Structure formats: structure tokens, C-alpha cells
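Undergrad:
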Amino acid sequence: MDGFAYLPGDEPENPGPLARYLPLTADGTATGFLALHSRPGDWVLDPFGASPRTCLEMARLGFRVLVAVNNPVTRFLLETIANPSSQAELRAALADLAAVRKGEERLETHLQSLYLTECTKCHRQVPAEAFVWERESGELTSRIIRCSCGDNGEYPATAADRALAAGFAATDGLHRARALERVATANDPDRIHVKEALECYLPRSVYALITIINKMESMTLPPERRRCLLALVLTACDETSALWPYPAERPRPKQLTIPPRFLEKNVWLALERGLETWAGAGQGIEVVNWPSFPAEGGGLCLFDGPMRDLSPQLKEFTPSAVVTVLPRPNQAFWTLSALWAGWLWGREAATPFKSVLHRQRYDWNWHAVAIHSALKNMADHLPLNTPFFAIVPEPESAFLSAAMLAVAGSGFELAGMALRTRHDPVQILWQKRAFSHADKESSPIDAEEVSQAMISFLQERGEPVHFLHLQAAGLAAMVENQNLHWQDDRLAKVNTVILNALGGPQFVHHSESKNPETGLWGLSEWNAERESLPDRVEIFIVRYLQKNPAAQLRDLETDLNVELTGLLTPSLGLMRAVLTSYALETEGSWSLRPEDQASSRRADLEEAATALTALAARLGFSLERNESPQRLILWHDSGKAVYAFYLLASAMAGRILRQNPNPAELSLLVLPGGRSGLLAYKLNRDPGLRSLAERWRILKFRNLRRLAGITALSRVRFEEELSGDPIEPPEQMKLF
Ligand SMILES: [Zn+2]
Numbered sequence: 001m002d003g004f005a006y007l008p009g010d011e012p013e014n015p016g017p018l019a020r021y022l023p024l025t026a027d028g029t030a031t032g033f034l035a036l037h038s039r040p041g042d043w044v045l046d047p048f049g050a051s052p053r054t055c056l057e058m059a060r061l062g063f064r065v066l067v068a069v070n071n072p073v074t075r076f077l078l079e080t081i082a083n084p085s086s087q088a089e090l091r092a093a094l095a096d097l098a099a100v101r102k103g104e105e106r107l108e109t110h111l112q113s114l115y116l117t118e119c120t121k122c123h124r125q126v127p128a129e130a131f132v133w134e135r136e137s138g139e140l141t142s143r144i145i146r147c148s149c150g151d152n153g154e155y156p157a158t159a160a161d162r163a164l165a166a167g168f169a170a171t172d173g174l175h176r177a178r179a180l181e182r183v184a185t186a187n188d189p190d191r192i193h194v195k196e197a198l199e200c201y202l203p204r205s206v207y208a209l210i211t212i213i214n215k216m217e218s219m220t221l222p223p224e225r226r227r228c229l230l231a232l233v234l235t236a237c238d239e240t241s242a243l244w245p246y247p248a249e250r251p252r253p254k255q256l257t258i259p260p261r262f263l264e265k266n267v268w269l270a271l272e273r274g275l276e277t278w279a280g281a282g283q284g285i286e287v288v289n290w291p292s293f294p295a296e297g298g299g300l301c302l303f304d305g306p307m308r309d310l311s312p313q314l315k316e317f318t319p320s321a322v323v324t325v326l327p328r329p330n331q332a333f334w335t336l337s338a339l340w341a342g343w344l345w346g347r348e349a350a351t352p353f354k355s356v357l358h359r360q361r362y363d364w365n366w367h368a369v370a371i372h373s374a375l376k377n378m379a380d381h382l383p384l385n386t387p388f389f390a391i392v393p394e395p396e397s398a399f400l401s402a403a404m405l406a407v408a409g410s411g412f413e414l415a416g417m418a419l420r421t422r423h424d425p426v427q428i429l430w431q432k433r434a435f436s437h438a439d440k441e442s443s444p445i446d447a448e449e450v451s452q453a454m455i456s457f458l459q460e461r462g463e464p465v466h467f468l469h470l471q472a473a474g475l476a477a478m479v480e481n482q483n484l485h486w487q488d489d490r491l492a493k494v495n496t497v498i499l500n501a502l503g504g505p506q507f508v509h510h511s512e513s514k515n516p517e518t519g520l521w522g523l524s525e526w527n528a529e530r531e532s533l534p535d536r537v538e539i540f541i542v543r544y545l546q547k548n549p550a551a552q553l554r555d556l557e558t559d560l561n562v563e564l565t566g567l568l569t570p571s572l573g574l575m576r577a578v579l580t581s582y583a584l585e586t587e588g589s590w591s592l593r594p595e596d597q598a599s600s601r602r603a604d605l606e607e608a609a610t611a612l613t614a615l616a617a618r619l620g621f622s623l624e625r626n627e628s629p630q631r632l633i634l635w636h637d638s639g640k641a642v643y644a645f646y647l648l649a650s651a652m653a654g655r656i657l658r659q660n661p662n663p664a665e666l667s668l669l670v671l672p673g674g675r676s677g678l679l680a681y682k683l684n685r686d687p688g689l690r691s692l693a694e695r696w697r698i699l700k701f702r703n704l705r706r707l708a709g710i711t712a713l714s715r716v717r718f719e720e721e722l723s724g725d726p727i728e729p730p731e732q733m734k735l736f
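Residue numbers (our numbering): 1 to 736.
1) Tell me which residue opens and which closes the beta strand (DSSP E) that G522 is part of.
2) To which residues of the same chain is L90 closer than 8 Å at the C-beta, ignoring the five residues directly before and after it?
3) Are three or more beta carbon pairs between the segment 146-164 and the segment 119-137 nearer than 8 Å?
4) When the Cα atoms are used, what is the spatial distance from A166 to R53?
5) Of all the beta strand (DSSP E) runs that stay within the bounds of the segment 484-528, which reach a length of 3 or more residues?
6) Output yes or no for whether 8 Å exceeds the beta carbon distance between A653 and L669.
7) Would H509 and W526 be called neighbours here (beta carbons separated by less than 8 Å)?
8) How would you call H437, buried or exposed, if buried means at least 16 neighbouring beta carbons within 10 angstroms?
9) P72: which of S628, V392, W334, E624 sits nearest, CA to CA?
10) What residues in its chain sit with their C-beta under 6 Å from that of V288, if we drop five residues either side in the sequence?
11) Quick check: is any heavy atom of ligand 1 less than 7 Å from the C-beta of D686?
12) State the Cα-Cα distance for the pair P516 and L468, rounded to the nearest angstrom.
13) On the CB-based measure, 16 or more other CB atoms within 10 Å of its CB, does A434 come out buried or exposed?
14) Give me the residue from W268, A163, L314, S205 with the minimum Cα distance to V44.
15) Taking 8 Å as the limit between beta carbons, can you name the residues of its chain near T711, skipping five residues before and five after?
16) Return the CA-CA distance between R252 and P17, expressed in angstroms with no decimal places.
17) Any idea what DSSP makes of Y646, helix, strand or coil?
18) In the DSSP output, what is A583 paired with across the bridge?
19) Mind the definition here: the segment 410-428 touches the segment 353-362 only if three or more C-beta pairs lie below 8 Å; say whether that holds.
20) Following a CB-centred definition, is R124 positioned closer than 7 Å to any heavy atom of ligand 1?
21) Compare the Cα-Cα distances from Y544 to each of W290, L523, Y582 and report the closest residue.
22) Could you check whether the Cβ of D151 sits closer than 7 Å to any heavy atom belonging to ligand 1?
23) Are there 16 or more other CB atoms within 10 angstroms of the CB of G41, so buried, or fewer, so exposed?
24) Sort S401, G62, A368, F168 by Cα distance to T211 and report the nearest one.
25) Is any heavy atom of ligand 1 found at a distance shorter than 7 Å from the C-beta of C147?
26) Inspect the CB distances between the segment 233-240 and the segment 208-224 and report whether three or more fall short of 8 Å.
27) Taking only the alpha-carbon atoms, compute the straight-line gap between A270 and W343 and give it to the nearest angstrom.
28) Take K700 as the anchor and find which of K432, E721, L221, F388 has the nearest alpha-carbon.
29) Over what stretch of residues does the beta strand (DSSP E) that includes G299 continue unbroken?
30) Do N70 and P306 have their beta-carbon atoms positioned less than 8 Å apart in this structure?
31) Between which two residues does the alpha helix (DSSP H) containing E264 stretch?
32) Over what stretch of residues does the alpha helix (DSSP H) that includes V369 continue unbroken?
33) Could you pull out every residue in the same chain whose Cβ sits closer than 7 Å to the Cβ of L666, ignoring the five residues on either side in sequence?
34) Starting from K700, trace the beta strand (DSSP E) both ways and give me its first and last residue.
35) I'd like the list of long-range same chain contacts for D446, defined as Cβ closer than 8 Å, with 5 residues on each side in sequence excluded.
36) Please say whether A379 and K432 have beta carbons closer to each other than 8 Å?
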């Protein structure tokens, strides 16, 4: 299972509507997987439909994608983005809404008037972009304006601003009751939960949204135009909740918790912003409802309900693969989806999804049960060995355990798991196994085997790692040992075994906190003969560039991931650090620097050795030269070593630092100037190596050349010159 190569992807440029609630995934990952396992026209099954982007990516490639989608809002996203409207169509829909009468006014004028405030410069009344509130005091503290006179910025709220807001609070009951009624009737036991969810809307927002929704119902519109309007109103419903911390760049709410300072955004401007969010172009994708099939050229087939209801209907259906983004628990999105579905499509639409309202907190055990119950009947309806590719976004240890346990317990065996950094989605490949989980007894977890697996993973990696990596290694061992059979309370046991293993004397926790999930985990004893992952990456990239002048980044990344698979997948940061050290970029292609060609570096090393030999003679030191295991030149004085110069053309100093028998104070790394940033980057990754290197000095080739040219060089001057060249922080660190 180690041979699974992490599939590269791209961060989406325009993440699309409601992206802050949707899984953070990379575009192109599913494409990469399907290229290896399926052919266009094949069926692909997505049991969760949590990531509309991923479903659409597969459909666009020509696959027929069957998606179980239980959330009416996600369903709307899928349908709408599959056949996007142009900005002109969206604009026309918004113009229709703007022109509706509200009393004597146009609706647009009326909605804008809800936010009027006085411009500090020209003193005209202008609609604020947003107001800023404090949760604790319930105070409106400031307003954000952008006036046509040129004035814009944040200013303290005025008495008039507060009076205007208070007016909405006074009549809030009536509008809130209407907003409530659209989701749950008076005798609905869920009404209390809907009421709680509504608390994340301020009175003015409730009034504005309910006014819009009521007006929209009375409009007669062609279906396409209505869909445009629904889309704009949906994103406005999100924009005008109080779940927008201020100041903050990219909030990703998972709980319905109002931030300490938050924005109350102007609803009309939110509708206008939707024009850009929703606008799309290009060929649409066919969308049909199960059990209709899309044409062979690919499309989406939506099943309106949870996977557990779809599984029994899969008798005649043979997908070539199951591909999904595993959902994370998201109380905020799920609750708001029930609310918005009621507002936009009425109570009926909200009903099937309303069960999410009962639950305020989701723990990981609950989540494991939810994933398991969605999948447990699915395997029975799939052909043997059907691949199941799962993307685990925003991974954290408990999520990973829950996912592994739930899928392993649903009749799938692990075929590979690739983990890059804890900030990237984990990629897991499963296969439908021959016997269902019920056929075999679960064997008790062997803690010793789990611990051994974690140790051998660290030895192989050759550097400390975050907890998530060790946990993944431990989980993989449990799957291999048939330990992850489904039991409702298994999750806690699984996590305990991993945590207990880390208490062993072989593990070292580099962290100021006792929390195992902070800092890095290493070994008390490393296998000194093994190259560390960063060193292996450096070797690979240099050889790759020697063979492939003008290399493309994506090709390099793909080949690097094939070389270093699974839990060894190198980070993009490490790849970039090596590239920056050795190569130059021209219009997207990377080539070795001329001075880093193998022949130049051999000449440099020889020149450095010659210079050190000559300098030793001039300064009156005797010389000892070793070529292996390291290129080492020792200067002796009265039979005692006074300088130990290690010559290297790379930044692979780990073995030298660990095996150096000389005191660190008199030890030096002699290397090309371009390597010192990479060396610093590596030391920064590895606290053990960093402390070994603390009193070492470095001597760059060009500095040695300069010293060799000084005719009146004394021992004192030489020592001074050496001390003026510390290990430089890497380029990356200078940037931030
Ligand atoms: Zn003004």
C-alpha cells in the first residue's frame, strides 16, 4: 500500500458560491485519478456529493457521475453550476427584482434605504456597505462606506445609524415569525431549532431577506430567470448572516457561532456581488435525476437523498470507480442549508434535510457512524475490486481516524494512502474486498505492531513529522492487521493505541506543549545510514534537472510523487526550496544554474580543496585530507585539530552533522553560496538537526576564493573572516 503516488492538483482561482462551507480541494485531483482507473463514458459514483466542484470536474471529463445528494442547497449548487448563466442573464434577473414595487418605491431603492448613513465628507445620505457590530455589548460600533464623492473607509457609527437599526429591532418579531414559518410550522417540534438558527441574523437582514423572498414569490418569471434570481438570493442569504468576523480575510465557519466583532452587510450589494460569483460560461453539463441516465458523453445523475437509500437501487449499476470528497461535520452549513432551503423553496424542500437541526454539536464518533451508515450497504452492490478514491479535505487526526474506521468497516481494503502536509487533503485509495466485514472476526489491536509501524515510518522518513503523519502510519498498520472492523465505539480505542505508543522511549516530542498534536515527533535514535526525505528530494530533483533541461513544475511534481509515495510525499515548499537553490525559472521552465552543472561543481570542490591546502601551508597548519566517507580537510596545530572543513556541493549535511567526531566550534561546512538557503530551510524543518548545527559555521566557495587571494592573511584575520558568515535564513523565510 506504500506505492500510492499523491495526485497533484491546483488551487481553484475562483472557488465559486458558498465556497467557505465547502471542502477545500484541489482541481485536477479527481481527473488524475480517473485517468489511471477509468475511461470517459464510464460511471463514477459519489456517495456524498460534498464537493460540487469535484463532481462537475468528473462530469466535464466525460464521465457519468451518479451523486447521492441529500442537502437541497448542495443540489442546487450542482444543478446551477453545471449549466451556469452568463453575467448578462443574471443581471437581467436582478433588474427584474430591482424594478418590483415596494409601496411607492422600486425594491432596489427600498432595500438600499435600509442602510442609509451620512457621508462624512459630502454629508449626503449614502447606503453603507456594511455595519460593524460587537457581539458582547450588542452595540453597532462602526460603518463602512464608499461614497461617490470619493470618501471611503470605516467610520464610527452615528446616533442616526443606531436609531435606524433600533427601528428594525422594534418590528423584528413579525418578520422573524415569517422567516420561521417558511421552515417550520407552529406545531413542528423542530421549530425551536429553526428559531435558534435564525439568531445568526440581525433584524434588518431578516426583514430584507424576507421582503425579497416574498416579492420573488409574486413575480412571474421564466424558469431560467427564476433560477438566476434564486442563485443570487442564496448567496445573499449567506452574505447577510452575522457569521462574518471583522476584520478577517477568509472565515470558514463550521459552527453557528457569532464572532466577537462581525459585519452586517448590505443586502442589495450582496445580491450585486452574486453576479460575479455565479456567472459562468462554456458548455453546460447534462443533469438528470436518478433513475434516468445521462448520455454517454458524460453528465450528472442526481439522487435526491442519502446514500443508504440509494444503495438498494444499485442492482443493475456497475460504476468503474467510487470517487468522493469525504464531508467534514459542518453544523453551520447544514443548519443554514435547512433554513435557506425553507426560505427559497418552501417547507416541503426543507423537510428531508431538517433532521440536521436537532443536533448542535457533532463529535467525531458521531461522524464515523454517519459515514459508516452511508457506506455499509454500498460495497455489497459494487463489483469486486472496485476502486474507491476518497479525498479527505482539511485533515485532522480525529477526522482521519473516523474516515479510516468507517470505510474499512464498510467492506473496503486499503490500497494506498498519500499524505503531503497537514494543510493538504489526504488521498486514500480503497478497494471493494472479497469478504464483507461481517465475515471475519475483528482481531484485537496489537499495540506493539502499531508502535513498530510508526517507528519504521519515521526511520524511512529520516526527519521529525507532525502527529498526523504518525497517526496515518499507525492507522495503516491497523488496517493491514485487520484491526479496523466496525464497532460503534472503536474510534476511541484506535486513538488511544496511537497516543500510548507515542509515550514509548523511542519517540521524541519536539514541542513546548504536552498536546501531542502540536510540534513535531522524532526518534531518539535515527538510522544514520539512511538519507532523510529532504535529502532524497534534493538528489531526485538535481538528477531530474540534469536529465530534463527546461522542466515543467507539474511534470517534476508528478514524477517526484511517484518516486516518493504515500506518507513520504514531499511538500511543495520543500520542492520549491530545492529548485530555488539549484535552478532558474524562465517562463515556467526550470533549468539547473550553469554553476550547478555536475562538471562545474566537481571543479569547484577541487578548487576549494586546493585553496584550503594552500592556506594551511601559508598559515602554518599541518593538513590531513580524507575523501571518504566525507570530503574532509583537517588543519592541525601542534598535533591538535583546529579546523575541520567538510566540503560539499549539496545541502545534504545531515550525515556530516550527526557523525562529525570533532567539536562543533571548529567544524565548518564548505559549500556553494546558493546552497546555504536550502541548508537553512532543512535545519528549520528538523529541530534535532538544527540543534546539532548550532555552533557550526559555513564557508561559501566564493568567500574561500576571496580569502585565498588575501596576501597578508594572518591566523587572527582568518578566524575573524570565518565568523562573519552565518547560515542564511532561506528565501522563504525572508519573504514572510
Ligand atoms: Zn460623500
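Yeah, the Cβ is synthetic: ideal placement off N, Cα and C, and Gly gets one too. None of these values were measured; they are calculated from a predicted model.
TA: According to the data block:
1) 520-523
2) C228, A231, L232, G274, L275, W278, A279
3) yes
4) 41 Å
5) 507-510, 520-523
6) yes
7) no
8) Residue placement at H437 is flagged as unreliable, the pLDDT there being 48, under the threshold of 50; the coordinate-derived value follows with that caveat. So H437 counts as buried.
9) W334
10) P294, C301
11) no
12) 10 Å
13) exposed
14) L314
15) none
16) 13 Å
17) strand
18) L592
19) no
20) yes
21) Y582
22) yes
23) exposed
24) F168
25) yes
26) yes
27) 17 Å
28) E721
29) 299-304
30) yes
31) Unbroken run through E264 is the beta strand (DSSP E), 261-265; no alpha helix (DSSP H).
32) 364-375
33) A641, V642, Y643, A644
34) 697-700
35) N481, N483
36) yes
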